[in-house]
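Counting with our numbering, you get residues 44 to 222 for the letters of the sequence shown. Yeah, the Cβ is synthetic: ideal placement off N, Cα and C, and Gly gets one too. Computed from a predicted structure; not experimentally measured. Working notes, beginning with the structure itself.
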Amino acid sequence: MNKAISDFDINIHGLEDKNYEYQFEGSNSFFEHFDQDIVEGGDFKVYLILEKTATLLRLHFEIDADLRLICDRSLEEFTEKFLIKETHIYKFGETAQEMSDEMEVIPFGTPKINVAELISDYILLSVPMKNLHPKFRTEDDEDEDGILVYVDPNAEKPETDTSTDPRWAALLNLKNLEE
């Protein structure tokens, strides 16, 4: 396993039922390991609280990332800050299986877990579909929750059909007679 990824191993064998805190850091070599073309590179810090019980592990992630992205409009590289909070659950069971995006079953006696792929997924999913350099953004680009909403100001407005169906024209004439 790649050194950049093995740094994200957590030994879970023999952990007592309580909370544990972990901190991880990553940079360009982390993103190079994963086959993706969303993020050009960057740095991130992860603060992780692992809540261990007899039947499960609950992982609470807080990720602070400065990512290098490519602007979809100008193809310029720029840096964007992301603050990500996610939770993932590992339940203990007989065989490994993925229950949902937020929950997996791992076999009893699993000695360690690796959280690198979870961190990568959370970071990549937080990047918007359209990357726009800050110099192209306006105040109208954010909705009421502070989420970037990109609108192309040069886009043409769709044409509206101003012609009226002749069947409705007769009704409109009746309405106009009543007024």
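Using the Cα positions of ASP78 and GLU147, report the straight-line distance between them to the nearest angstrom.
In this structure, the CA atom of ASP78 is about 22 Å from the CA atom of GLU147.
Can you tell me whether GLY69 is buried or exposed, with buried defined as 16 or more other CB within 10 angstroms of its CB?
So GLY69 ends up on the buried side.
Buried or exposed: which applies to LEU217, given that a residue is buried once 16 or more other Cβ atoms fall within 10 Å of its Cβ?
Of the residues assessed, LEU217 falls on the exposed side of the cut-off, its CB having fewer than 16 other CB atoms within 10 angstroms.
Using a threshold of 8 Å, state whether the C-beta atoms of PHE74 and LEU91 are closer than that.
Contact flag unset, no.
Give the DSSP-derived three-state secondary structure of HIS176 in the structure shown.
Coil, per DSSP.
With DSSP run on the structure shown, which of helix, strand or coil describes PHE74?
Residue state for PHE74 is assigned as helix, using DSSP reduced to three classes.
Quick one: what does DSSP say ARG210 is sitting in, helix, strand or coil?
If DSSP states are grouped into helix, strand and coil, ARG210 belongs with the helices.
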